[in-house]
Structures are given as structure tokens and as C-alpha cells.
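**Q** This structure is in C-alpha cells; I'll ask about it shortly.
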Amino acid sequence: MAETKRDEAQSELYYKKERLKYSPEEEARLERQHFWRIIDAFRFYRAHVQEQIVRAERQFKSLSPHHQSLVPGVLSNLARISQCAEHNQKVLQAIIQNSLHMFENVEYYSEREDDPGKVRPSSTFDMDKLKSTIKQFVRDWSEVGQAERDSCYRPIIEEVQRLFPCDEYDVSKVSVLVPGAGLGRLAWEIAQLGYTCQGNEWSFFMLFSSNFVLNRCEKVNALTLYPWIHQFSNNKKLSDQVRPITFPDVNPQRLPDNSDFSMVAGDFVEVYTEPESWDCVATCFFIDTAHNVLEYLEKIWKILKPGGAWINLGPLLYHFENMANELSIELCYEDIRAAMVKLGFIVEVEKESMQTTYTENDRSMLRYVYDCVFFVARKPSGMHFKNQSDDQQQSLPPAAKSPRQEDADRFT
Ligand SMILES: C[S@@+](CC[C@H](N)C(=O)[O-])C[C@H]1O[C@@H](n2cnc3c(N)ncnc32)[C@H](O)[C@@H]1O
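Each number in my numbering corresponds to the 1-based position in the sequence shown with 9 added.
Written out as C-alpha cells, the structure reads:
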């Protein structure tokens, strides 16, 4: 898991660096290029898995007949893995089919002048990201992921309900932002309770997939994925590697009438510029995705309304750690906490040891547990905050603003 998360960041980083360097036109061109690179990755999946299978078959066949006869199920299991990959590819095709026109204000489809259906090879980076995205379906939208959601999302949801109880608030007017929303389940659960909730996500892998599950998958458990076929080590049984999961475990379309749920594409730091616009920001396994976590802290502070709350759960597995030429400020929790207090946050709830997993394969012989920190930090409701300059205080608008980001790409 640790390596996968790092690889994910590494690939995204290329995109980010390029964007920072160029003019708006060049930036738009690079974004289109990036969009198509991710589409290509979805298309290349089966060929990539097939390469692995062919290699495994070749290696097995190089064994002596005697050794081969000792483990007679290996080749048929590889054939089964190949069928599962074939099936996964069909789901991935459905996902990208629904992604080509998903953004309201950007049309990428016409940009591909050469054969738009052609399968192009993808990097190992992108293939790893795609495999992680497949596992994210287990975490967010399968029955198997329920225990993981209970350990990661449930504490956050309970705090939202405790801070903004429905008998005291018109919860439809309580706005909750979930940056780094992944496949959207946490944001969806909060919207399901009647709160206005917006997920924000940066990765096209996640955005394509969440768009598909949230908008195109009404029938409960109608779709199947084989998320563990890529794991050739630490299996107890052949059948563990090829076991399916079904999704979605609920109908994502089923939200309360008049519910206000949305997903916004883009970098959290760039998209959310409106000060004092959110009642609550909920981050789960997110703050360690920052180049500079202090930038996230400051942004959350700025966009929260006075009296608003930041709820966080997650580890500090810094995504950009040890990456050449990349800013990566790896603060320990103690320093993050001190910085939060200096900004003016009041830490109201704090647990330093919440054990959770992340896209865990519960039958694997290797399992990671994160010993997460969990906290609720409040931005006080008074207008005069500690360590804030007069300039900053004067620029704060007196009333909270709409949570809508009008010029951001939006779907659902
Ligand atoms: C480790 S995942 C956690 C996903 C989800 N919160 C969960 O708990 O399953 C972190 C997510 O943050 C997203 N992300 C990273 N940097 C981001 C940024 N600057 N703005 C928005 N999303 C970002 C990544 O694409 C990834 O989906």
C-alpha cells in the first residue's frame, strides 16, 4: 500500500509540474494530454495484465515436468486470471465511455484527432494507479468494504452529526466539503444524511470512476470486479486471487429529495478560493497528499466559516517524500497540531490512535494497519483571531458565502 500511494503521487506530479510551468494555453493543452493519457491507461489494462500472465506461464513452463506436476492448478489459475482481467476491462471500458463528455465546461473528445479508439501502451505508474483505483471500488462501494468504511468514514460522519445535529440545524443548509474524495462514498454518505455536501478530487482515475458509479450504477450489486488478481504474492489459496466483489452495495442515485450533492474536479488548493464558505471540512487520508501540509491547513482555515469545524482522520504517509525535485514538507503530527493552534484552530476532539486499513485485501498474508490520528478542530466564531494581521481581519466578509464554485468543473 505504501508504495502504491507513492507511485500514485509520482505520476500525478508530472502533470502538476507541467501545469505550473506553462501559459494558460499550454496548460490547457497539457491537461488534454493528461486526460487522454489516463483514458489510454484504462484501455491498456487487459494488455498489461496479459503481459504478466504470459510471463508467469512462460516461467512455469520452464520448470521440469516433475515440478509442474506437483502443482497442477497453476496454469488453469492463470487462465482464470486472464478471464477476470477480460471482465475488468469491460467495466473499465464502461467507465471511460461515460467519461468522455463528463465535464460541463471542457470538451476533450474532439481533441483526439488520430484514431480515438486505438489502444496505446501505458506506463507502469499509470497501470499501478489504475489497479489502486480498482481496489478503491472495494473500499467505497462494496459490501466487503463495509468494515473499512466503518473504521474510516463512520467516526467522521458521527462527528458531523454531533456538531450539526438535525434537531438543531436545518442540515440542508449545513455545507460540508470533502477534499480528496476518492470515489465519493464519504461525501455521498454525508449528503445521504441531508447535508449539503461536495466532494473534490484531482485524479482523473478517481474522477472517471466516481462519475461512473455515482451516475451510472443504479442497480445494487449489478457489477463485478476482480480487484485482487494483480496480487501474485501472499495468497493462501488460488481462489483468493480470483475472488470477485460486486458493486455498488447501495444505489448511489438514492439520495433524499432536494439533496445537494456534487463532485468538483481540480486541485483543492486552487479550486477553493472563497473565504468563509463552508461549515465543515472533512478530510480522510488526505492531508499527507500535500507538498506542503501547512498550505492545506491555511486553506482549510480560510474557507471555513467562523464557528466551522475541520474533521480529519488519516496517517501521515507523505506522498511526495523522497521524490527528486519535489517540495515535500514532512511534518510530524505534533508540529501540524502546533501549527493549527497557531493559526487559531481550537482542537476539540483528538484521538491519536485510530487503527484503520486502506483498500485492504482481507485474505492477504501481508496486511497493513494505519495508526491514524483523528481530530475535530474548530475555527472560533469571533472575528478576531490569534495571529491574524489587521489586513487579514479586514478582508474577511461579514457573512458566509455560497459553497458553490461556479467556474469549477462539476458533475453529478
Ligand atoms: C489516499 S486517497 C484518499 C481518498 C478518500 N478520501 C478515501 O479515504 O478513500 C487521497 C486522494 O486525494 C486526492 N488528491 C491528492 N491531492 C489532491 C488535491 N490537491 N486536490 C484534490 N484531491 C487530491 C488523490 O487523487 C486521492 O484520490
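Virtual Cβ for every residue (Gly too), placed ideally from N, Cα, C.
Apart from the five residues just before and just after ASN220, which ones in its own chain have a Cβ nearer than 7 Å to its Cβ?
**A** Within the same chain, ASN220 has close Cβ partners ASN107, SER108, MET111 and PHE420.
**Q** Please work out which residues of its chain come closer than 6 Å, Cβ to Cβ, to ARG129, disregarding the five sequence neighbours upstream and downstream, and give them in chain order.
**A** Closer than 6 Å at the Cβ level, and outside the excluded window around ARG129, lie ASP49.
**Q** Taking contact to mean at least 3 C-beta pairs separated by less than 8 Å, is the stretch 251-265 in contact with the stretch 219-234?
**A** Touching, yes, given that three or more Cβ pairs across the two stretches are closer than 8 Å.
**Q** What residue does the alpha helix (DSSP H) around GLN98 start on, and which one ends it?
**A** Residues 83-106.
**Q** For LEU195 and LEU306, what's the separation of their Cα atoms in angstroms?
**A** Between LEU195 and LEU306, the C-alpha separation is close to 20 Å.
**Q** Would DSSP call LYS395 helix, strand or coil?
**A** Bear in mind that a pLDDT of 44 at LYS395, under 50, signals an unreliable position, so the number given afterwards is only what the model happens to contain. Here LYS395 sits in coil by DSSP.
**Q** Report back the beta-carbon spacing between GLU283 and ILE312 to the nearest angstrom; my notes put them in contact at under 8 Å.
**A** GLU283 to ILE312, Cβ: 7 Å. Contact.
**Q** What distance in whole Å lies between the Cβ atoms of ALA94 and VAL58, which are believed to be in contact at a cut-off of 8 Å?
**A** Yes, VAL58 and ALA94 are in contact; Cβ-Cβ is about 4 Å, under 8 Å.
**Q** Please report the straight-line C-alpha distance between CYS175 and ALA190, rounded to a whole angstrom.
**A** Computed Cα separation, rounded: 24 Å.
**Q** Is any non-hydrogen atom of ligand 1 found closer than 7 Å to the C-beta of ASP442, if you look at the structure I gave you?
**A** Since the first and last residues shown for the chain are 10 and 421, residue 442 lies out of range.
**Q** Output needed for SER131: all residues of its chain with C-beta closer than 6 Å, excluding positions within five of it in sequence on either side, in chain order.
**A** Closer than 6 Å at Cβ, skipping near neighbours: ASP49, ALA50 and PHE53.
**Q** Use the C-beta contact count for VAL180: other C-beta atoms within 10 angstroms, 16 or more gives buried, fewer gives exposed.
**A** Buried: at least 16 other Cβ atoms inside 10 Å.
**Q** Spatial neighbours of GLN240 within its chain, please: CB distance less than 7 Å, with the 5 preceding and 5 following residues excluded, ordered by chain position.
**A** Closer than 7 Å at the Cβ level, and outside the excluded window around GLN240, lie GLN250, ASN370 and SER373.
**Q** In whole angstroms, what separates the C-alpha of ASP269 from that of LYS245?
**A** Answer to the nearest angstrom: the Cα atoms are 45 Å apart.
**Q** What do you reckon, is the C-beta of TRP211 under 7 Å from a heavy atom of ligand 1?
**A** Within the cutoff, so yes.
**Q** Sort out for me which residues DSSP pairs GLN59 with in a bridge.
**A** Per DSSP, none; premise fails for GLN59.
**Q** Using only the heavy atoms of ligand 3, determine whether one of them is closer than 7 Å to the beta carbon of THR366.
**A** Of the ligands this structure carries, namely ligand 1, none is ligand 3.
**Q** Check whether the stretch 146-165 touches the stretch 262-280, counting contact only when three or more Cβ pairs, one atom from each stretch, lie closer than 8 Å.
**A** The stretch 146-165 is not in contact with the stretch 262-280.
**Q** How would you call LEU192, buried or exposed, if buried means at least 16 neighbouring beta carbons within 10 angstroms?
**A** Buried, because 16 or more other Cβ atoms sit within 10 Å of the Cβ of LEU192.
**Q** Note the first and the last residue of the continuous beta strand (DSSP E) segment covering PRO188.
**A** Segment 184-188, the beta strand (DSSP E) holding PRO188.
**Q** Where do the N-terminal and C-terminal ends of the beta strand (DSSP E) with THR292 fall, by residue?
**A** 287-293 is the extent of the beta strand (DSSP E) around THR292.
**Q** Among residues of its own chain, excluding the 5 on either side of ARG46, which ones have a beta-carbon nearer than 8 Å to its beta-carbon?
**A** Excluding sequence neighbours, ARG46 sits near SER131 and ASP135.
**Q** Which of helix, strand or coil does DSSP assign to LEU306?
**A** Note: LEU306 maps to helix in three-state DSSP.
**Q** Would you report the Cα separation of ASP400 and ILE238, rounded to the nearest angstrom?
**A** With a pLDDT of 41 at ASP400, under the threshold of 50, the modelled position of that residue is not reliable, and the figure given next carries that caveat. For ASP400 and ILE238, the distance between alpha carbons rounds to 56 Å.
**Q** Looking at the structure shown, is ARG52 part of a helix, part of a strand, or coil, going by DSSP?
**A** In the structure shown, ARG52 sits in a helix (DSSP, three-state: H, G or I).
**Q** Identify whether ARG67 lies in helix, strand or coil by the three-state DSSP scheme.
**A** Helix, per DSSP.
**Q** Tell me whether ALA196 sits in a helix, a strand or coil according to DSSP, three-state version.
**A** ALA196: helix per DSSP, three-state reduction.
**Q** Which first and last residues belong to the beta strand (DSSP E) in which ASN321 is found?
**A** Per DSSP, ASN321 belongs to the beta strand (DSSP E) from 313-323.
**Q** Note down the Cα distance separating VAL385 from GLY317, rounded to an integer number of angstroms.
**A** Between VAL385 and GLY317, the C-alpha separation is close to 10 Å.
**Q** Ligand 1 and CYS289: does any heavy atom of the ligand fall closer than 7 Å to the residue's C-beta?
**A** It does not: the Cβ of CYS289 is nowhere closer than 7 Å to a heavy atom of ligand 1.
**Q** Look at the Cβ atom of GLY323, then the Cβ atom of ILE345, and state whether they are nearer than 8 Å.
**A** Not a contact, by the Cβ cut-off of 8 Å.
**Q** In the DSSP assignment, find the unbroken alpha helix (DSSP H) run with ALA348 in it and report its ends.
**A** It spans 342-352 - the alpha helix (DSSP H) in which ALA348 sits, taken as one unbroken run.
**Q** Extract the residue ranges of the beta strand (DSSP E) inside the stretch 232-276, only unbroken runs of 3 or more that lie entirely within it.
**A** 232-234, 254-256 and 270-274, all fully within the stretch 232-276.
**Q** Taking the alpha-carbon of CYS381 as reference, which of LEU375, TYR342 and GLY391 has the nearest alpha-carbon?
**A** For CYS381, the nearest C-alpha among the options comes from TYR342.
**Q** For the alpha helix (DSSP H) that VAL147 lies in, which residues bound it at each end?
**A** Its alpha helix (DSSP H) spans residues 133-150.
**Q** First and last residue of the beta strand (DSSP E) that includes PHE173?
**A** No beta strand (DSSP E) contains PHE173, which DSSP labels as neither H nor E.
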